[in-house]
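Visitor: Protein chains in written order, with the working numbering: chain A, 1 to 700; chain B, 1001 to 1101; chain C, 2001 to 2184.
One structure coming up, written as structure tokens, with questions to follow.
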Amino acid sequence: MSLLAALSTEVPLLLAAATEEGGHAELGDGGGLAAAAWLIPLVPMVAAFVIALFGKHFPYRGWDIATAVMGFEAVYGTFLLIAHLARPIAYEGAIEIARIGSFPIEWGWVVDGLSIMMYFVVGVVGFFVFLYAKGYMEGDIRYTWFFASFTLFAGGMLVLVSAPNLIQLIVGWELVGVASWLLIGHYWEDHANSSAAIKAFLTNKVADVGLFIGAIILALSVGSFRFSDILHAVEEGVPALAQFAFWAGLAVFIGAMGKSGQFPLHVWLPDAMAGPTPVSALMHAATMVTAGIYLVARLFPLYLTEGFADEVRSVIIIIGALTLFLTGLIALVQDDIKRVLAYSTLSQLGYMMAALGAGAYTAALFHLFTHAFFKALLFLGAGSVIHAVHSNNMSDMGGLRKYMPWTFRTFVIGALALAGIAPLAGFFSKDEILASFRYAGSAESGFSAAQGGAGLANIVLVLGIAAAFVTAFYMARAVFLTFFGEYKGHGHPHESPAVMWIPLVGLAVGSAFAGFLNVPGVTEFFTELVGGRAVPVLDHHAESFDVVVVVLGLAAALLGIFFGYRIWYPDKATQAERDRFHVRGLYPLLENKYYIDDLYFDGIIRPIRGPVAAGVNWFNGHVIDFVVNGAGFLARGLGKLVYAFDQNAVDGAINASGAFTGGWGELLRKVQTGRVQQYATMIVAGTVLLVAGIVIAGII
Amino acid sequence: MLINGFLLLGAALFSLGVYGLLVRRNAVLILLSVELMVAAVNINFVALDRFLGDDLAGGQVFALFSIAVAAAEVGIGLAIILLVFRNRQSANVDELDLMRL
Amino acid sequence: MTVGDFFTTTENWVFLLIALPMLFAGYKVVTTNNVVHAVLALVGALAGSAALFVLLGAEFVAWTVVLISIGAVIVLFLFGIMITRAPIGLEVDLSHPRSARISAAVASGGLFVLLGSAMLAEFGDEVIPEAADATRTDALGLLLFQRYVVPFEVVSVVLLAALIGGIVIARRDPSPDEPAGTRL
């Protein structure tokens, strides 16, 4: 009730404040709305357990609670967003729950521009995905369990986002990891799916080691796990932190690489397509993969300030550029529609990472924001198609335009937004990223050689424009193969139920209009949103469009669509032309995903496994065999001795007792079932009787 | 706090673990019962440590060691179950009656 | 000390509040017909034991239980269930038939009576002395690395041996026809 009261009193007040002061006020504490924000992570966590335990007894078997919770998150996130735009909020609450030495372990919640943006994205996109999941998961054997782990997944992300310190962030980080493992392995009866789940979990674990090391270095050199303390230390230029900041920043970035699927730790993400489609949608849009971007953004002053981890940015921009270009190419050769989208997510994450590396905090987060809408839309659209044709392969689709009009319309909007066609959301955010590369490559940015350098930034700009071409190319391919031409599959495709296509429309609206939140020189809502933090982030902000970049980016996208149309539009190209596209030298390399999985298996797993196995084999062959042989030799000698005695003296006695033994044996044979547990029962009973006997005898 | 409350709780959980060890057919569940027994023993360790007021905290340290060893035991146990499962397509122990000749 | 005295202190109430759900959880671990429920019940029992450790003032052991037993071991169990495709959901014959259950109940019940009577006889109504403060984690850390450093190292070797042993036992020779991405 108190929350409702807070909402009903705070929001009008804040809105009134906004109109008075014209939206430019000092950082406020957000009042009761922010103070009650601990509900944001707590409600889904509690709901996940309620669904797991009692979900079956609810009218919609758990879906109703889960969706209500996400609706609550969406509404709360929207309220916070409005309140923040009215008067920027920077609030931090914390409760100490334990203390290790001088380090307090705290549970807290942070409400500032960056976290509010994430609450909003997770809440709104999550709400649509949960709504959609009702239709998609209908008839699933573990329906309730799915919604329990799905709610845990979103809740874990909110724990991560609301964390004011590294410990809580790691808790949320691992919750997301565990929940993703449960969800990717949802259909674990199929071995490939449980393998994919374990692969995702273990790849992330490898990267997590980096995060742990980074967190420990930061905490030890600052004396606190709190982000605010760490960032204040950066502001004040604490030398103890400056000394280790490079290594800490690098280690934290390795952690972020794992969750955000950066090259070469991206291998788990395409395999994670084994999960149900709503999981893929949420994982690629709002939760999980955005965690790494969020972490780097949260600690961004550390990476931005000269003398601290600023030199890590050269690593970040290189990794980001490699990811955005290489993974985009792989998407060209995939037949599984979900895999096309998965590789495209990797490519877009590469854009975001590279933008962070170039120092463009706002641009990276803006792309995260718009990407959440259109990627969720594309995945849900793909799920709708898969639902209709019962196959993931685009070679089984085709011509679906007439059967599934709503899916088709929304999917095209998502594809155009992803390709960066004006005026859809992807155009503005991608343009801002490309402009930031160009700015970093210019002289006035002060992007020094140690941080990456202007030359590198210009190379990344070229790669980024090339990747924009590739993006448009593979999205055109996906659209033409799926929705145009003749239907190639079996069965009768049909439009999905309303509960599935309505969320698509909602997300399509977001994909179409989210870009207008941050038009250079016109609107600055988003810049103010993510800039409203206790420790300000001083990144460059363009005042107007960079015309060169706009023209080049749009041209690349349109060219990509045109090429896609020429090659993949049915009846536009002969089979021979398509085959020629296939046999080009690059194709096998792309088809095998640059052989990275093979490299991991043959280069790391096998060499480690070989020596271990060989060592054990040697031990087995030499040491154990020696002992066994020696024992055998001794036993044989003894045996000969005994034999002589046996032959003469014992035989007689044996024969007499043989009959006796045989009789008992017949009787006892019935007890010897070969069941170990039956034996164990007897051992326990015997021991109890024996000890009880001794005790009683002692008392008497 | 009565020391016997903790000890009786430990004894009860241990006995429940023994019961589970004896009646479960699925090998994973048997390991689960063993884990319950270990937890019961740890309660005794810590309770008696506080009861005796040991300056060297022997009971707590022993509880830590037993947690570590239990973790190792679960790892090996599950590896063995995995191997058995691969060879026999079942994790039920009563299908493993090779001890009967 | 009478039964009435037991209920006069708050600590005893807290103890009962933790202990009774633990007993129920322990009972569920060994009787439920759903593998996942058994694992979740074990989580409950372990969480209860961690709460008792906090009550006793052994905070580091409590956190270790939470991190290692609840965190790592339970995930391992879920791996095990997933890999062996143990039946998730209701399964009627996870336990042996009734006759075996009765004899096992008698044996373990006898064990409980034996242990319980021995403890009652030995400790009677002695109470845990009020500690000045909880065992400090740094003190315990120093003990571990000074007084108990040898057993500590031995345990680490045991863990290493278990790690290698687990790999060697469970590893599978890769069959050449599997594609690279799916091998684990």
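Virtual Cβ for every residue (Gly too), placed ideally from N, Cα, C.
Please read all numbers here as calculations on a predicted model, not as lab measurements.
What is the DSSP secondary structure of ARG2136 of chain C, reduced to helix, strand or coil?
Guide: Here ARG2136 of chain C sits in coil by DSSP.
Visitor: With a floor of 3 residues, list each beta strand (DSSP E) that falls wholly inside the region 45-91 of chain A, ordered by position along the chain.
Guide: With a minimum length of 3 residues, no continuous beta strand (DSSP E) run stays inside the region 45-91 of chain A.
Visitor: Listing by chain order, which chain A residues have their CB less than 7 angstroms from the CB of THR2031 of chain C?
Guide: Within chain A, no residue comes near THR2031 of chain C; the closest Cβ sits about 16 angstroms away, beyond 7 angstroms.
Visitor: Excluding the 5 residues flanking MET1 of chain A on each side, which residues of the same chain have their C-beta closer than 6 angstroms to its C-beta?
Guide: Interpretation of MET1 of chain A is limited by its pLDDT of 41, a score under 50 that renders its predicted location unreliable; the figure taken from the coordinates is listed afterwards. For MET1 of chain A, where only same-chain residues beyond five positions count, there are no Cβ hits under 6 angstroms.
Visitor: So, under 8 angstroms CB-CB, ALA468 of chain A and GLY420 of chain A are touching, yes? Tell me the CB distance rounded to an integer number of Å.
Guide: Right, the Cβ-Cβ distance comes to about 6 angstroms (below 8 angstroms), so this counts as a contact.
Visitor: Beta carbons nearer than 9 angstroms to chain C: which residues of the region 169-189 of chain A have them?
Guide: Within the region 169-189 of chain A, the qualifying residues are GLU174, VAL178, TRP181, LEU182, GLY185, TRP188 and GLU189.
Visitor: By how many angstroms is the C-alpha of GLY177 of chain A removed from the C-alpha of VAL2075 of chain C?
Guide: Going from the Cα of VAL2075 of chain C to the Cα of GLY177 of chain A covers about 11 angstroms.
Visitor: Mark TRP2013 of chain C as exposed unless 16 or more other C-beta atoms lie within 10 angstroms of its C-beta, in which case mark it buried.
Guide: Flag for TRP2013 of chain C reads exposed.
Visitor: Could you tell me the distance, in whole angstroms, from the CA atom of ASN2034 of chain C to the CA atom of ALA98 of chain A?
Guide: Cα-Cα distance, rounded: 35 angstroms.
Visitor: By how many angstroms is the C-alpha of PHE2053 of chain C removed from the C-alpha of GLY1956 of chain C?
Guide: The structure shown does not extend to residue 1956 of chain C, since chain C spans only 2001 to 2184, so no value can be given for it.
Visitor: Residues in the same chain with beta-carbon distance under 6 angstroms from GLU96 of chain A, minus the five sequence neighbours each way, listed in chain order, please.
Guide: Excluding residues within five positions, the ones whose Cβ falls inside 6 angstroms are PRO104 and GLU106.
Visitor: From the DSSP output, which residues share a beta bridge with ILE105 of chain A?
Guide: According to DSSP, ILE105 of chain A bridges with A:ALA98.
Visitor: Using the Cβ count rule (16 or more neighbours within 10 Å means buried), how would you classify HIS367 of chain A?
Guide: By the neighbour-count rule (16 or more Cβ atoms within 10 Å), HIS367 of chain A is buried.
Visitor: So what does LEU1002 of chain B bridge to, in DSSP terms?
Guide: Partner(s): C:VAL2127.
Visitor: How would you label ASN1044 of chain B, buried or exposed, when you count the other beta carbons within 10 angstroms and need 16 or more for buried?
Guide: Buried: at least 16 other Cβ atoms inside 10 Å.
Visitor: So, is the C-beta of LEU1013 of chain B closer than 9 angstroms to a C-beta in chain A?
Guide: LEU1013 of chain B does not count as touching chain A.
Visitor: I'd like the list of long-range same chain contacts for GLY22 of chain A, defined as Cβ closer than 8 angstroms, with 5 residues on each side in sequence excluded.
Guide: In this prediction, GLY22 of chain A scores a pLDDT of 41, lower than 50, which makes its location untrustworthy; the coordinate-derived value is nonetheless stated afterwards. Closer than 8 angstroms at Cβ, skipping near neighbours: no residue.
Visitor: Are PRO276 of chain A and LEU183 of chain A closer than 9 angstroms when you measure CB to CB?
Guide: Yes, Cβ-Cβ distance for PRO276 of chain A and LEU183 of chain A is below 9 angstroms.
Visitor: Output, in chain order, the set of chain A residues within a Cβ distance shorter than 7 angstroms of ALA2041 of chain C.
Guide: Chain A residues near ALA2041 of chain C: none, gap ~11 angstroms exceeds 7 angstroms.
Visitor: For ASN1042 of chain B, is the classification buried or exposed, using 16 other Cβ atoms within 10 angstroms of its Cβ as the cut-off for buried?
Guide: It counts as buried.
Visitor: Below 6 angstroms CB to CB, which residues in the same chain sit around TRP63 of chain A once its five sequence neighbours on both sides are set aside?
Guide: Contacts found: LYS134 and PHE147.
Visitor: Provide the residue span of the alpha helix (DSSP H) that contains ARG1088 of chain B, from first to last.
Guide: Element bounds for ARG1088 of chain B: 1058-1088.
Visitor: Going by other Cβ atoms of all chains shown within 10 Å of its Cβ, with 16 needed for buried, is TRP664 of chain A buried or exposed?
Guide: Classification of TRP664 of chain A: exposed, given that the 10 Å Cβ count is below 16.
Visitor: Measure from the alpha carbon of THR287 of chain A to the alpha carbon of each residue in A:VAL535, A:LYS375 and A:ASN393, then state which is nearest.
Guide: For the residues A:VAL535, A:LYS375 and A:ASN393, the minimum Cα distance to THR287 of chain A belongs to A:LYS375.
Visitor: Label TYR361 of chain A either buried or exposed according to how many other C-beta atoms from any shown protein chain fall within 10 Å of its C-beta, with 16 as the threshold for buried.
Guide: The residue in question, TYR361 of chain A, is buried, as its Cβ has 16 or more Cβ neighbours within 10 Å.
Visitor: Does the pairing of the region 353-360 of chain A with the region 318-336 of chain A give three or more beta-carbon distances under 8 angstroms?
Guide: The answer is yes - the region 318-336 of chain A touches the region 353-360 of chain A, with three or more Cβ pairs under 8 angstroms.
Visitor: For the region 1017-1029 of chain B, enumerate the residues whose C-beta is nearer than 9 angstroms to any C-beta of chain A, in chain order.
Guide: Listed in sequence order: VAL1018, LEU1021, LEU1022, VAL1023, ARG1024 and ARG1025.
Visitor: Whole-angstrom Cβ separation of GLU92 of chain A and VAL75 of chain A, contact assumed at under 8 angstroms?
Guide: At roughly 23 angstroms, the Cβ-Cβ gap does not stay under 8 angstroms, so GLU92 of chain A and VAL75 of chain A are not in contact.
Visitor: CA-CA distance, HIS24 of chain A and ASN392 of chain A?
Guide: Confidence is the limiting factor: at HIS24 of chain A the pLDDT is only 41, short of 50, which leaves the residue's position unreliable, though a coordinate-based value still follows. If I take the Cα positions, the gap works out to 50 angstroms.
Visitor: Cβ of VAL1061 of chain B less than 9 angstroms from any chain A Cβ?
Guide: Not one chain A Cβ lies under 9 angstroms of VAL1061 of chain B.
Visitor: Nearest CA to the CA of GLU2106 of chain C: which residue from B:ALA1071, B:VAL1023 and B:GLY1077?
Guide: First, the residue type needs correcting, since residue 2106 of chain C is Val and not Glu in the sequence shown. Of the listed residues, the one whose Cα sits closest to VAL2106 of chain C is B:VAL1023.
Visitor: State the DSSP-derived secondary structure class of GLY255 of chain A, mapped to helix, strand or coil.
Guide: In this structure, GLY255 of chain A counts as helix in the three-state DSSP scheme.
Visitor: Restricting to Cα atoms, I'd like to know which of B:VAL1093, B:ASP1054, B:VAL1034 and B:GLY1053 is closest to VAL2073 of chain C.
Guide: Answer by Cα proximity: B:VAL1034.
Visitor: My guess is that PHE300 of chain A and ALA245 of chain A are in contact by the Cβ rule of under 8 angstroms, so how many angstroms apart are they, rounded?
Guide: The pair is not a contact, with the Cβ atoms about 13 angstroms apart (cut-off 8 angstroms).
Visitor: For TYR474 of chain A, tell me which candidate among A:ILE567, A:SER445 and A:ARG409 has the shortest Cα-Cα distance.
Guide: That would be A:ILE567, whose Cα lies nearest to the Cα of TYR474 of chain A.
Visitor: Should VAL1093 of chain B be flagged as near chain A, meaning a C-beta pair shorter than 9 angstroms?
Guide: Judged by the 9 angstroms Cβ criterion, VAL1093 of chain B is in contact with chain A.
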